[in-house]
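These notes are about the structure you will find just below.
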Amino acid sequence: MHMLHKLLILLILVSSFCLTIQEDSEHAELDQNTKLVIFATRHGNRNPSKYLDNDIKTRKWGYEGVMELNTVGKREAFGFGKKLRKFLDKFVDPNYMPSEATFMSSSASRCQMTLQTACAGLYPAKESFKWNNKLPWSPTPYVIDDNILRPYSKKNCPEVENAWLPIDKAEPSHIKKQLNDNKNVVDYVAKESGSFGFDKMKPYNEMANVADNLINYERFNLPPPLYLTNATLDDYNGPKLISKVLTFAEGPQISCADDKECGHLMGGNWVSVITTALSSRSNSKAEENIKLIGYASHTEIVLSVMKLMGVEQEEVPTGSGFVIELRDKPIWALRILKHETHYKHDKESNEMKMKDHRIEHAKYKSSLKKIAHDKQWIPLKDFVEYTSNYKLQIKTFKKFGI
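First residue of the sequence shown? That's -4 in my numbering, and the numbers climb one at a time after it.
In structure tokens, the structure reads:
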């Protein structure tokens, strides 16, 4: 591929998926009165459910198998763990202590591996905990809880199935519009993708799969198939076509989080668990309490929870999510932060490289801003009341079999 053309393709990928720092973002530092920290992360970068190029020798990535955490995702998760260690500092022991930390994951292997890798960055074995001088790592236990972290996997739950059905059928108006506005692009990709096996009955899901592939080509600094980079579609060169395809990334998952019913079913139970943990800590009189709770889940789950908690968030990139900090002074209050992996185009190598992981102030919805003090801290009692308007009650989930 001509170097200039390759650079144009890379710049399109960068502009679409390289996370940029918002002007109003600010690095967060742990408050001196913090008593509990809760973090949630989407799994790190994973392979798509199927490949545009089924030949591993020419594709050169995806060795782990479909939907599995890949090397880029592991680096994202490890980077988050290291950043979390820096953020927490002495708030938690440098080594894992069961009396002060607990972790949970979805049953999906990509989530379990993300959590394990993040904990490896968070807890490099220190001092008497070292068991191998060449391996600064120690195993950390966790619990699998699909009730809150993967509710869509529950069998025989008609409410969840019915919430997803319109999205699977591409019935919402915004999905129809996106497909209609880009019909020529969808038809071109369906025709040219060959062994990918584009299912024309599910064009929205398939375009999201194609976008997943493009993200991985970008992450691994490799060129996509020629029919995308050298497009033969009217009015579309390679960069423009790729830019259009990338607008479909994570479309079904984001559509669920944006939908009131689907979003509530995906995130409502978890919101209940979070508010219960926060309230329990504020009411605890025990000398020793859990200081850190960590979760690993999926796009539509993490994004739904963030929206239900009052955070302005349009997507959750791989290896990203939120952090909740609870303090006891001057009153019991919390603030919601976001954590994200940032990439940067390296001009010298002409490649995308992971820059760092950031923990920053989240952007609150106007309704949440109204109850926040100092633009960040929200009185716990007000937050519990705020989320009670959005979360589904536990008894409702029992009815749904969740």
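The C-beta atom is built at its ideal place from N, Cα and C for all residues, glycine as well.
- In the pairwise beta carbon analysis, the segment 66 to 81 is classified as touching the segment 106 to 120: at least three pairs are separated by under 8 Å.
- Bounds of the alpha helix (DSSP H) holding R276 are 255 to 278.
- Boundaries of the beta strand (DSSP E) harbouring Y338: 328 to 341, taken from the DSSP string.
- Taking a contact as a CB-CB distance under 8 Å, the pair K360 and E307 counts as one, their CB atoms being some 5 Å apart.
- For I237, the enclosing alpha helix (DSSP H) covers residues 233 to 241.
- Taking a cut-off of 8 Å for Cβ pairs, the segment 339 to 355 and the segment 270 to 277 do not touch, as fewer than three such pairs fall below it.
- Secondary structure note for Y212: it is in no beta strand (DSSP E), and the uninterrupted alpha helix (DSSP H) holding it is 198 to 214.
- Put simply, the backbone Cα of D323 is about 40 Å away from that of W159.
- Residue pairing from DSSP leaves V300 without any beta-bridge partner.
- At least 8 Å separates the beta-carbon of H334 from that of G305.
- With at least 16 other beta carbons inside 10 angstroms of its own, V181 counts as buried.
- With a beta-carbon spacing of about 6 Å, F86 and T29 fall inside the 8 Å limit used to define contacts.
- Taking C-alpha positions only, T112 is separated from K69 by approximately 6 Å.
- Take P167, set aside five residues on each side of it, and the residues of its chain with a beta-carbon closer than 8 Å to its own are P161, S250, D254, in chain order.
- As the crow flies, the alpha-carbon of S299 is around 22 Å from that of V138.
- In the three-state reduction of the DSSP assignment, W372 falls in the strand class.
- Under the three-pair Cβ rule at 8 Å, the segment 125 to 145 does not count as touching the segment 46 to 63.
- Relative to the Cα of Y199, the nearest Cα in the group Y58, D229, V240, P234 belongs to V240.
- In the three-state scheme derived from DSSP, where H, G and I count as helix and E and B as strand, F317 is classed as strand.
- In this structure, DSSP gives Y58 a state outside helix and strand, which the three-state scheme calls coil.
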